[in-house]
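Protein chains in written order, with the numbering used here: chain Y, 657 to 1037; chain X, 657 to 1037; chain E, 657 to 1037; chain A, 170 to 282; chain B, 170 to 282; chain L, 170 to 282. Each remark here refers to the structure printed beneath this line.
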Ligand code: NA
Ligand code: NA
Ligand code: NA
């Protein structure tokens, strides 16, 4: 090797000749996602990692080094291995294991009727599917992947999109998490538009206490029924309910703590960074990205509207015992949208505490979206 | 696609046409295991997860979705991947890493003679092997897999059974964990039958304090000797002793905490749920299951008897300085059977504190069973 | 099977016929490493696990049982699987994720000039490379693997050595961790030799406070620039900076805690034990091991000298505002060498608090070594 | 079948299926809840002071919740139930049932970590 | 060799091997223990009050153990040693050595978590 | 090219490249730091008592740091800054900025766990 060879090798090994405008733009988007997470507090656990992944993967040559597959005895890139958790659909159910262990379903058990509000909000999914396909001309798999944004549930969205149309994943995931963070801006106008002042002021009766036995039976019963109808949702609902079972037995505290902390936190880092590393300019800097963001916004709006409208119907039927606002919590985005309901309710009556009542549809929305995902997968996969 | 196609696809995607009586029975068994764990407090960390796995895998179509291998580019089911930890025999040694970090061997170090009681209790393994093969007609590998139930140690049982006869695993594991939980019912009658009132009332001398240096040397010394005699036991004893070393050095607290908490808890969830998912009707609803449960009961009884009889002999030789009851703790089932010894001892003399003395044979039983497993594997594999 | 067959099988299954003098010597080395970790407190988290791995893998037959690859349907050994984390270069970046989450870069941000001291200390790497190749006659890949010891950074060393010359890994890693632990003995004489009493007594001005925004921008900015120049360092610097970003955002505490605890602790156990298991007599009991240890010592000395000499130059240029001792902290070995600087400084002036000023070059040395690793990989791989 | 027809049909059918599933779930829970209230738990203890501030929980947030609850009860506005949710990151939350001086029934959403 | 012969033989031999191994382990430990007591640790400090209730441990359980120990010592029944094990799930336990007011030597099994 | 030439060349060039990279990093940070001080953070609050001993931290170590700081300030030796690092294992450490009775500015390296 001559001296010049070494110098040339050193020069060529730098990344300067590999920077393009697309990459710079994507790095800006990565920085923007981090900014949204850090400065605005928008879903920081996810957006900071996604943004970091976007930023690093668009640095020159980083994509080959981080994501290159193993070849001829040489090991693959670090995130080629870590990313298998996304590609093999292992991470989203593991996140749900932790979510289940963190979720208290008692408001829903105490008032099962609110379950229906969690179903109504799935109009966000199916309405968006219709518009994505019939109006925007996406194909059925693309439409399903975009529609699931309306589920307002990260793991469900990622799981479904990976099965239907993996190349849309980064766009769909970023859109889903962004709108989940924007729930306090998106929902209130729709809620106010669709309800009267009197409806918003309805005070609801206190919830009955729920026994431990009921809390233990709940995950098993729901799991059995959901899987019976939509077997495709098994991994998602199964892990959600395993986590919840570990939480509620009262004798598996160690395991519940593991699901709530070490498992979900580690997986979140790896999942979100992997998703961020799929954000390349070829995938993201496209017209369809704008369409997907528009449709995602629509999905959240339709979901809110669906929930509130069924809430109004329930208010009517019960003679004003149900505050229609709680329907908006059916979109899930737990517990953010329940908080939004609470705050909008207190604008009319500061002594009205809707939070607990909104938690019912809120957690029901998680189950409803998983069922909807099962339906999408059954027909479109 | 016609409308009817969509409807048919939706109908066929449900699980209703896939339910059979075997599956319903197995789901009942899953629910029973959860009930035993939650309501009776029987080994809840294991039985809740095993029961959940049994329940979910017998829901219609769940088996294909959760356990299906990867095929033609499509990823496999979630528990096809997680289950590799069982199939590749990775999880049981990792559990032992945590068990080692949780185990204090000082009662055994202070009184090494009690080590022999942990050997005598291995009669539960070899006696059961004889009966399983000679009387019940199981083949050698099956007999070994069933005999290891007498080791009263989850990870050892699972590791050995996976190497000898994987298809027996779910039955053997459930049997082992059930009887471990039933130790307070199984052991006392045998203990009372084999000992006199006077023997049970023997008060033992206080244990000497053990220095940190001895505690650090212990795992390394035992490891070297056990591996020298039974190399097959290396992964089990190795991880047990690595965990114990991390615990006792006094300078690796961080790693010991990781082994005791995040590692063992996460692995327990994945291991136990994976084992539960092997509980299908073809495997479990068989005559041999009843035989295995009978033999498991026998194994625990023989182990108890072996320990107590050697205890009587040691009592005789030492002129009454050893309480024979502590032999019963040699079965392991740490620390349950040591507690049983303590309670039975206090029936005769309420001021007799046998617990610490019983912890010696108790932890010795763990090492003894691992050695016995090494012997089984050396000859039968 | 005849009775004699069983007996023979049992006898042959023991390890007695497989012990050689090399193995016994290696087990002694393993015990020595554990002793250094436990009794002397030398990098205990690493050396205890490495020593344990060395000890167990040299027990008779343990190597085949623990490290054997999968064959004909039979699963491989436990550490064949766990060791993939080392072979596929997954573990070192994960350790860096935790290190990043534990590292506070604010002393460096407050005084960026100290960054240069972290570069000067890389003379330990390149000077050693020259001597290893020109004087000791190692080939370029070997020389690079040995030189990186001078980086005084475990993960960087392991990552680089695995890419350049995997068979040197155990020797290089043990050498690196040993000298990191010996920093309080190696550095002070060199520091005293190269500085005057007056220089050592220099009191430095207080550091300015650093805002959260700067702390968040720092990892992103450094990452982008380092990757631009040395893309090969991406996995190391990337994970270091991801961990640091999670630490500094203020909104991702959960993830930062996961990186600092569960992830780094679990990976440390698996990484260090796997490295220890590479310590076989064929690899370690060689003349080159002694050469590598000599060169490792040299590397640390050159690194210290490089840092201190640039420190002297900066002292001169600033008219005595920089204490040259802080250059010694540029070797990294965080935060040990910064403490050494502090203590040597207090020998001259007990009221001189150099620690914070030394933390700047200290953390800069981590980045500098990662960049140096990138340069080595770019040319030598 | 055209894209428009397919998407309309599937949107309707999908929504119908999800509604059916959730209706079944609701029905199942109403039945279970009824059984529990009627047969299994005839005399659930009520009115006892179950609330104990956890030593692990964030004291000020807890405190704020209790004070807010006390004020609300004092005002007579909330008929036995008051709810709070700290403005924390979403994810780890739990419902704690808290009874304040036996005057009412309070539900508190607390951070679990 | 018939099944009965094989199983008998293997059962005997296996038991014998396990006993041999454990005998070797016992012997090794007796030797080490003897060496430690005789040469390495001639004057181990004794009698000092080493017990300090850990702030991380479950206070009531700890308390119960100490009280039970005190009663037992008072009764004069236990000659210097008292042992307790909380009725917790198996698995995480540790031996804590505790000396109560220097009157005796107590061993306590505590939950580690 | 001989081994000696190659190794000399590469050692020089490698060192030069690393220095260049770090120089760029230093420059970048000086620019950012200047921007922050000049434009973005014109009036950073100073002088307020920001120090609060964390309940999670090791109390005695903390205590020692504070006392040592107080003594040093009293002596007038350290002009506003005092630093401490507990003699703990390497790895988990953090810089805590602590202002003691508003008399000076203290930096403390604490164990994070
Ligand atoms: Na939803
Ligand atoms: Na046993
Ligand atoms: Na360095």
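Where is the CB? At the ideal position from N, CA and C, for every residue including glycine. All figures in this text were calculated on a predicted structure; none of them were measured in a lab.
Please confirm if the stretch 706-718 of chain Y is in contact with the stretch 187-205 of chain A, defined as three or more CB-CB distances below 8 Å between the two stretches.
no
### is_contact[residue 903 of chain E, chain Y] using C-beta, thresh 7 Å
For this step, residue 903 of chain E is matched to residue 247 along the third chain. Not one chain Y Cβ lies under 7 Å of residue 903 of chain E.
Practice task
Put residue 745 of chain X into one of helix, strand or coil per three-state DSSP.
Solution key: Here the question's residue 745 of chain X lines up with position 89 in the second chain. Coil at residue 745 of chain X, not helix or strand.
Near ligand 3: residue 831 of chain E beta-carbon under 6 Å from a heavy atom: For this step, residue 831 of chain E is matched to residue 175 along the third chain. Flag unset: Cβ of residue 831 of chain E not near ligand 3.
**OP:** Could you name the residues of chain F that residue 794 of chain X contacts, counting a contact when the two beta carbons are closer than 7 Å?
**Re:** Any reference to chain F falls outside this structure, whose protein chains are Y, X, E, A, B and L.
Q.
Any heavy atom of ligand 3 inside 6 Å of the beta-carbon of residue 963 of chain E?
A. Against the third chain, residue 963 of chain E aligns to sequence position 307. Checking every heavy atom of ligand 3 against the Cβ of residue 963 of chain E, none is found closer than 6 Å.
Exercise for the section: Could you tell me which residues DSSP pairs with residue 730 of chain X in its beta bridges? Expected result: Translated into the one-based positions of the second chain, residue 730 of chain X becomes position 74. Answer is X:727, bridged to residue 730 of chain X.
Q | Nearest-angstrom Cα separation, counted from residue 931 of chain E out to residue 1022 of chain E | A | Indexing the third chain from 1 puts residue 1022 of chain E at position 366. Indexing the third chain from 1 puts residue 931 of chain E at position 275. The alpha-carbon atoms of residue 1022 of chain E and residue 931 of chain E are separated by roughly 21 Å.
**Study point:** Same chain only: Cβ atoms within 6 Å of residue 212 of chain A, ignoring 5 sequence neighbours per side
**Key:** For the purposes of this step, residue 212 of chain A is taken as the residue at position 43 of the fourth chain. Reliability fails at residue 212 of chain A, whose pLDDT of 38 lies under 50, so the model's placement of it is uncertain and the value that follows must be treated cautiously. Closer than 6 Å at Cβ, skipping near neighbours: no residue.
query: Does any C-beta atom of chain X lie closer than 7 Å to the C-beta of residue 912 of chain E?
result: Working through the third chain from its first residue, we reach residue 912 of chain E at position 256. Cβ-Cβ to chain X under 7 Å: no for residue 912 of chain E.
Buried or exposed: where does residue 667 of chain E fall if 16 or more other Cβ atoms within 10 Å of its Cβ makes it buried? Mapped onto the third chain, residue 667 of chain E falls at position 11. Exposed.
| query | Taking Cβ positions, are residue 781 of chain Y and residue 1028 of chain Y nearer each other than 7 Å? | reply | Translated into positions along the first chain, residue 781 of chain Y becomes position 125. Translated into positions along the first chain, residue 1028 of chain Y becomes position 372. Contact: yes.
>> Please classify residue 1007 of chain E as buried or exposed, where buried requires at least 16 other C-beta atoms within 10 Å of its C-beta.
In response: For the purposes of this step, residue 1007 of chain E is identified with residue 351 of the third chain, where counting begins at 1. The residue is exposed, with fewer than 16 neighbouring Cβ atoms inside 10 Å.
Notebook entry, point to check: Can you find a heavy atom of ligand 3 that lies under 6 Å from the Cβ of residue 783 of chain E?
Noted result: As a first step, residue 783 of chain E must be located in the third chain, where it is residue number 127. No, ligand 3 has no heavy atom inside 6 Å of this Cβ.
- prompt: Measuring from the CB of residue 808 of chain E, is there a heavy atom of ligand 3 at a distance below 6 Å?
  reply: On the third chain, position 152 is the one that residue 808 of chain E refers to. Within the cutoff, so yes.
Can you check which of these residues, Y:881, Y:890 and Y:887, is closest to residue 194 of chain A by C-alpha distance? Against the fourth chain, residue 194 of chain A aligns to sequence position 25. Taking only the C-alpha atoms, the option nearest residue 194 of chain A is Y:881.
Q. Mind checking if residue 185 of chain B is an interface residue toward chain X, Cβ cutoff 7 Å exclusive?
A. Start at 1 with the first residue of the fifth chain, and residue 185 of chain B comes out as number 16. Chain X contact via Cβ: absent.
Q | Rounded straight-line distance, which links the Cα of residue 1036 of chain E to that of residue 933 of chain Y | A | Counting from one through the first chain, the residue named residue 933 of chain Y turns up at place 277. Counting from one through the third chain, the residue named residue 1036 of chain E turns up at place 380. Using only the alpha carbons, I get a separation of about 28 Å.
request  = Give the interface partners of residue 687 of chain Y over in chain E, defined as CB-CB distance under 9 Å, in chain order.
outcome  = Taking the first chain and counting its residues from 1, one reaches residue 687 of chain Y at position 31. Within 9 Å Cβ-Cβ: 876.
Strictly below 7 Å CB to CB, what residues from chain X border residue 918 of chain Y? In the first chain, counting from the first residue as 1, residue 918 of chain Y sits at position 262. 918 and 922, listed in chain order.
Checklist line | Status (buried if at least 16 other CB within 10 Å, exposed otherwise) for residue 853 of chain X | finding: What you label residue 853 of chain X is simply residue 197 of the second chain in a count that begins at 1. Exposed: under 16 other Cβ atoms inside 10 Å.
Any C-beta of chain Y sitting closer than 7 Å to the C-beta of residue 189 of chain L? Taking the sixth chain and counting its residues from 1, one reaches residue 189 of chain L at position 20. Not closer than 7 Å to any Cβ of chain Y, the Cβ of residue 189 of chain L fails to qualify, so no.
Checklist entry - Any C-beta of chain Y sitting closer than 7 Å to the C-beta of residue 884 of chain E? => result In the third chain, the residue the question calls residue 884 of chain E occupies position 228. Closer than 7 Å: yes.
message = Check this for me: beta carbons of residue 801 of chain E and residue 772 of chain E, under 7 Å apart or not?
response = Start at 1 with the first residue of the third chain, and residue 801 of chain E comes out as number 145. Start at 1 with the first residue of the third chain, and residue 772 of chain E comes out as number 116. No, the pair does not count as a contact, with Cβ atoms beyond the cut-off.
Notebook entry, point to check: residue 755 of chain E: which of E:984, E:786 and E:923 sits nearest, CA to CA?
Noted result: As a position in the third chain, residue 755 of chain E is number 99, starting the count at 1. When each option's Cα is compared against that of residue 755 of chain E, the closest is E:923.
With distances taken between CB atoms, is the gap from residue 789 of chain X to residue 1000 of chain X smaller than 7 Å?
To locate residue 789 of chain X, count along the second chain from 1; it is residue 133. To locate residue 1000 of chain X, count along the second chain from 1; it is residue 344. It is not a contact, given that the beta carbons lie outside the stated cut-off.
task: Could you pull out every residue in the same chain whose Cβ sits closer than 6 Å to the Cβ of residue 777 of chain E, ignoring the five residues on either side in sequence?
output: Here residue 777 of chain E refers to the residue found at position 121 when the third chain is read from its first residue. 959, 962, 963, 986, 987 and 1021, listed in sequence order.
Point to revise | Residues of its chain near residue 808 of chain E, where Cβ-Cβ distance is below 6 Å and the 5 sequence neighbours each way are ignored | key: On the third chain, residue 808 of chain E is found 152 positions in, with the first residue counted as 1. Answer for residue 808 of chain E: 836, 987, 988 and 989, listed in chain order.
Check your understanding: Of all the CB atoms in chain Y, is at least one closer than 7 Å to the CB of residue 177 of chain A?
Key -> Looking up residue 177 of chain A in the fourth chain gives position 8. Yes, contact with chain Y.
Check your understanding: Should residue 892 of chain X and residue 815 of chain X be called a contact, given that it needs their Cβ atoms to be closer than 7 Å?
Key -> Taking the second chain and counting its residues from 1, the one referred to as residue 892 of chain X is at position 236. Taking the second chain and counting its residues from 1, the one referred to as residue 815 of chain X is at position 159. Going by C-beta atoms, residue 892 of chain X is nearer than 7 Å to residue 815 of chain X.
Using a Cβ cut-off of 7 Å, pull out every chain B residue sitting near residue 666 of chain E, in sequence order please.
-> Counting from one through the third chain, the residue named residue 666 of chain E turns up at place 10. Those within 7 Å of residue 666 of chain E in chain B are 182 and 186.
If I measure Cβ to Cβ from residue 903 of chain X and keep anything under 6 Å in the same chain, skipping five residues before and after, which residues do I get? By 1-based counting over the second chain, the position of residue 903 of chain X is 247. Correct list, in chain order: 757 and 912.
* Distance between residue 983 of chain E and residue 850 of chain E (C-alpha atoms, nearest Å) -> By 1-based counting over the third chain, the position of residue 850 of chain E is 194. By 1-based counting over the third chain, the position of residue 983 of chain E is 327. Approximately 11 Å, taken between the alpha carbons.
Item to complete: Determine whether the Cβ of residue 745 of chain X lies closer than 7 Å to any Cβ atom of chain E.
Response: By 1-based counting over the second chain, the position of residue 745 of chain X is 89. Closer than 7 Å: yes.
* Compare the beta carbon distance of residue 859 of chain X and residue 976 of chain X with 7 Å and say whether it is the shorter of the two. => Counting from 1 along the second chain, the entry for residue 859 of chain X is found at position 203. Counting from 1 along the second chain, the entry for residue 976 of chain X is found at position 320. No, the pair does not count as a contact, with Cβ atoms beyond the cut-off.
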